DNA sequence: CAGATAACTTAACACCGATAAGTTATCAAT
DNA sequence: ATTGATAACTTATCGGTGTTAAGTTATCTG
């Protein structure tokens with residue numbers, strides 16, 4: 724019924740050193756299925772079917788189902804970080820940068836709701852992310868450690884607030900508090916939408932713009 | 724190892740008209756297990772064990788596992804609504820009422836974090852809650868219909884904004900959008916704290932007060 | 001050509017939510 | 001007091017899940 728996710732050259736066993744290519748095939752298949760059918764409905768066996776391999780074979784490359792999801796999250800957030808990188812290279816007034824980064828953050832979350840849910844809302848967030856403080860020493864994180872990309876993205880958002888402070892804007896709160904409040908606003912928006920996608924929210928773009936206005940206006944003292 | 728959730732008089736079959744008491748027993752047991760072990764780890768069989776009946780017996784009282792969850796969510800909402808009711812009886816300036824309701828909401832969430840998580844953040848919220856619209860005509864809802872309590876709670880929030888508008892304040896957004904934005908702010912705050920309790924947040928009371936300020940100031944046009 | 005071993009498969013386990021079909025206790029009416 | 005209906009259950013089972021153990025096969029190295 725949906726056997727169109729077929730991979731080229733099925734039934735072939737990988738040669739000696741080529742296991743990692745199979746790993747990549749698994750990730751490609753898993754991403755497709757997770758996005759199409761959701762986490763619960765995507766089973767190990769189905770992923771294996773698409774790859775063209777038996778179910779236990781996946782355990783050669785991943786510890787368990789969650790590890791596959793985690794790897795996908797990392798890939799996803801890596802791309803968010805690239806977007807943020809691009810934003811950081813542009814020369815912008817810091818407030819404008821905040822708005823754009825906020826928009827990018829929200830957009831990204833809404834475009835990858837499951838990954839966002841898993842890394843920021845599941846409560847199963849790997850401890851490495853949780854314990855690692857914010858003011859997160861972006862440099863000190865191993866960017867290849869699974870689960871670290873989410874923390875890096877988060878840290879980058881926080882960095883913008885330091886920049887705002889350094890460029891002489893008056894804030895209604897200490898930077899830390901301001902950053903936390905604004906992030907909580909953005910997170911609240913995407914969390915609500917992601918968790919209740921069928922809810923008849925008012926127009927999404929209005930909500931996004933409104934929340935950004937509300938957050939910036941609430942935190943930055945406007946002259 | 725944890726057989727201390729035992730119900731009094733196990734092994735007894737209910738008399739003819741008393742099925743509903745069994746239903747309540749199931750809900751008590753389910754709540755305890757869901758809160759302690761989470762949604763996935765709480766199985767039909769385990770609930771049945773605690774209640775002291777066989778697993779299929781639960782299907783006499785609930786359509787499926789989600790229906791149990793739905794009933795529990797409703798109970799939680801109901802108690803939140805009772806708190807809100809108390810707030811509505813006091814005569815207050817509408818903006819002050821908004822602030823107090825917000826505070827009550829946050830306090831409720833932080834005092835019952837697991838229940839809050841289960842109801843608002845688990846992602847397992849049954850579909851009936853999701854589908855039910857807001858703009859909910861509070862009167863026209865049957866408060867006993869499963870899933871209606873959430874809509875009632877939301878409707879109450881919108882009512883406050885209508886009240887604010889009627890008493891001569893201008894809003895930056897239509898009432899429904901305003902209500903959504905403010906709720907998202909509050910939800911973002913409690914969601915962040917609940918999900919990352921170990922995170923080195925700045926002072927909690929400052930965050931709460933700050934978020935309320937930010938939300939009210941962002942939505943109500945101040946003269 | 002002979003191990004060694006990476007890359008797999010088959011079989012199975014313990015569990016899950018859910019259903020079908022049978023059983024038992026309790027009631028109302030005779 | 002007996003009967004019959006039926007509410008309140010139980011047992012057996014289904015098709016599925018994630019995961020593991022143990023065996024197989026193909027490829028590379030010496």
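Protein chains in written order, with the numbering used here: chain A, 724 to 946; chain B, 724 to 946.
Note that CB positions come from ideal geometry on N, CA and C, so glycine has one too.
Every value quoted in this text rests on a predicted model; they were computed, and no experiment measured them.
Among the options, nearest to residue i - alpha-carbon criterion
i	options	result
residue 832/A	746/A, 915/A and 940/A	915/A
residue 934/A	905/A, 920/A and 844/A	905/A
residue 880/B	813/B, 807/B and 796/B	807/B
residue 789/B	923/B, 766/B, 925/B and 931/B	766/B
residue 922/A	899/B, 892/B, 791/B and 813/B	899/B
residue 918/A	919/B, 920/B, 910/B and 940/B	910/B
residue 892/B	805/B, 939/B and 759/B	939/B
residue 901/B	894/A, 815/A, 931/A and 887/A	931/A
residue 758/A	886/A, 735/A, 885/A and 834/A	834/A
residue 947/B	912/B, 773/B, 894/B and 886/B	This structure cannot settle anything about residue 947/B, because the visible part of chain B is limited to 724 through 946.
Beta-carbon proximity list for residue i, same chain, < 8 angstroms, skipping 5 on both sides
i	result
residue 737/A	744 and 745
residue 810/B	820, 823, 824 and 827
residue 937/B	908
residue 804/B	872, 875, 876 and 879
residue 894/B	884, 887, 888, 901, 942, 943 and 944
Under the three-state DSSP convention, the category residue i falls into
i	result
residue 774/A	helix
residue 893/B	strand
residue 737/A	coil
residue 786/B	coil
residue 944/B	strand
residue 879/A	helix
residue 871/A	helix
residue 817/A	helix
residue 906/B	helix
residue 743/A	helix
residue 926/B	coil
residue 779/B	helix
residue 933/A	helix
residue 752/B	helix
residue 802/B	helix
residue 888/B	helix
residue 918/A	helix
residue 764/B	coil
Outcome for residue i when other beta-carbon atoms lying within 10 angstroms are tallied against a minimum of 16
i	result
residue 896/A	buried
residue 763/A	exposed
residue 782/B	exposed
residue 927/B	exposed
residue 742/A	exposed
residue 761/A	exposed
residue 903/B	buried
residue 889/B	exposed
residue 942/B	buried
residue 777/B	exposed
residue 845/B	buried
residue 817/B	buried
residue 802/A	exposed
residue 925/A	buried
residue 872/A	buried
residue 944/A	exposed
residue 735/A	exposed
Other residues of its chain near residue i: CB distance less than 7 angstroms, five sequence neighbours each side excluded
i	result
residue 724/A	For residue 724/A, the pLDDT reaches just 42, beneath the cut-off of 50, and the residue's location in the model is therefore unreliable, although a value from the coordinates is still provided. Hits under 7 angstroms: none found.
residue 740/A	none
residue 947/B	Nothing about residue 947/B can be reported from this structure: the residues present for chain B run from 724 to 946 only.
residue 829/B	909, 912, 913 and 931
residue 840/B	917
residue 774/A	730, 748, 749 and 752
residue 836/A	917
Other residues of its chain near residue i: CB distance less than 6 angstroms, five sequence neighbours each side excluded
i	result
residue 799/B	838 and 842
residue 785/A	791
Q. Are the segment 793-811 of chain A and the segment 745-756 of chain A touching, with three or more C-beta to C-beta distances below 8 angstroms?
A. yes
(Q) For the pair the segment 873-890 of chain A and the segment 816-832 of chain A, tell me if three or more CB-CB distances fall below 8 angstroms. (A) yes
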